[in-house]
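Below: the structure, in structure tokens.
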Amino acid sequence: MIAAYAARIDPENPLAGLELGEVPDPSVPYGWTTVRLRSASLNHHDLWSLRGVGLSAANLPKILGCDGAGEDAEGNPVVLHSVVGESGHGIEPDEERSMLSERYPGTFAQRIAVPRWNLLPMPPQLTFEEAACLPGAWLTAYRMLFTNAELSPGDTVLVQGAGGGVATAAVVLGSAAGFRVFVTSRDDVKRKRALGLGAEAAFEVGARLPQRVDAVLETVGAATWSHSVRALKNGGRLVISGATSGPNPPLGELQHIFYRELRVVGSTLGTKKELSALLDFCVAKGVRPVVDSVFPLDRIHRAFERMERGDLFGKIVLTIP
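In structure tokens form, the structure reads like this:
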């Protein structure tokens, strides 16, 4: 079968290690099954893997890709839950959970083997391209908003870095749920697009807000950390799921955190139950993932180049022949 995989690790030039070619069909352990993939979506996790973060040279070659949708062995449309080991089904005793493409081959392939437990029915209202966006960035945003930020309709939330996959999902989901959504971006076009998706107001990065907010969703990291902390109401929640600008902010802002009793909550992906709820939410509210661009699998290098440049709004999706 055809797959895209990490053949080498190169922290300085990650795309030098990305290859597309023939690989063996997946083996299917007891309790697992195969899925014929139709679409997959890119995440920054894939780029970090090519840099050697969470993926060592000893585990190469490794098929990349965390998110995907396709057809199960009976031909039913399914969405893949990306976390292997959450339930214990189909793995060794005491095995720690991992994302697809870390311990096990990922979704940038024509076929994949996963534990049966990891499959969810794909709603007929969604396309394969839309469904493939949900298990990673959109599930991350769902968990950040509805589980970890503890928001109620009418509450205010600041989403840093409009345009990225998680941030775009948070704007769409938050506005559909009745939250007042503020966004930031250095790019005026991205600010305007965020307003079109339901954000109440859009600001330049670091700008003074009209009021302090109940929660901040942080995926940018060092570049926006101080702004995120200072934007919160007393007792507010700062939920962080990434650090694309770097993990070490110049100021920790600890005095603000302890004196104003702020809560900093780490958030990673989501559970299968949350993914099921996200699918239901999309159907009930008519919400659909924002797709930046679609590439065939054989143009995966172009897709990665676009993601690496950062000049995108929403998710990059692969179609798999």
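The sequence shown begins at 9 in my numbering and counts up by one.
Backbone N, C-alpha and C define an ideal beta-carbon position, used for all residues, glycine too.
As the structure is a computational prediction, the values presented were derived from the model and not from experiment.
Item, Value
"F289 versus Q133: straight-line alpha-carbon distance, rounded", "12 angstroms"
"Cut-off 6 angstroms between Cβ atoms - residues of its own chain near G78, not counting five sequence neighbours on either side", "V43, R44, L45, R46"
"Alpha-carbon spacing of M24 relative to Y267, whole angstroms", "The question names Met, yet the displayed sequence has Ala at residue 24. Their Cα atoms are separated by approximately 47 angstroms."
"Beta-carbon gap between A65 and I17 smaller than 8 angstroms", "yes"
"Inter-residue Cα distance where the pair is T164 and V31", "48 angstroms"
"Burial state of K200 (16 or more Cβ within 10 Å)", "exposed"
"C-beta contact flag for V167 and V298 at 8 angstroms", "no"
"The stretch 144-153 touching the stretch 203-221, judged by at least three CB pairs closer than 8 angstroms", "no"
"N256 versus W233 - alpha carbon distance", "9 angstroms"
"Under 8 angstroms between C-beta atoms of P37 and G98", "yes"
"Buried or exposed (CB count within 10 angstroms, at least 16 for buried), V61", "exposed"
"Identity of the residues DSSP links to A285 by a beta bridge", "For A285, which the question treats as bridged, DSSP gives no partner whatsoever."
"Cβ pair R124, W40 closer than 8 angstroms", "yes"
"S183 classed as buried or exposed, judged by whether at least 16 other C-beta atoms fall within 10 angstroms", "buried"
"Neighbourhood of V325 by C-beta distance below 7 angstroms, restricted to the same chain and skipping five residues each side", "S47, S49, E137, A140, C141, V299, V302"
"Delimiting residues of the alpha helix (DSSP H) encompassing V180", "173-184"
"At least 3 beta-carbon pairs within less than 8 angstroms: the stretch 246-264 vs the stretch 208-226", "yes"
"For G274, the three-state DSSP class (helix, strand or coil)", "strand"
"Option nearest V189 by Cα separation, candidates G214, K70, D222", "D222"
"Exposed unless 16 or more other CB atoms sit within 10 angstroms - verdict on L262", "exposed"
"Residue burial classification, S160 (beta-carbon count within 10 angstroms, cutoff 16)", "exposed"
"Backbone CA spacing between L127 and A285 [nearest angstrom]", "14 angstroms"
"Residue of P113, E103, D102, G83 minimising C-alpha distance to P69", "P113"
"Assumed close pair T115, G76 - CB separation to whole angstroms, cut-off 8 angstroms", "3 angstroms"
"Which residues DSSP lists as bridging M107, in chain order", "V91"
"Euclidean distance between Cα positions of L277 and L283", "9 angstroms"
"Outcome for L259 when other beta-carbon atoms lying within 10 angstroms are tallied against a minimum of 16", "exposed"
"Contact check, G175 vs G169, beta carbons under 8 angstroms", "According to the sequence displayed, residue 175 carries Ala and not Gly. Yes."
"Proximity to R271 [Cα-Cα], best of Q118, V191, P85, E158", "E158"
"Beta-carbon contacts of D80 that lie in its chain and below 7 angstroms, excluding the five residues immediately before and after", "T41, V43, V86, L127"
"Beta-bridge partners of L205, as assigned by DSSP", "Paired residues: none, contrary to the question."
"DSSP-derived helix/strand/coil call for Y150", "helix"
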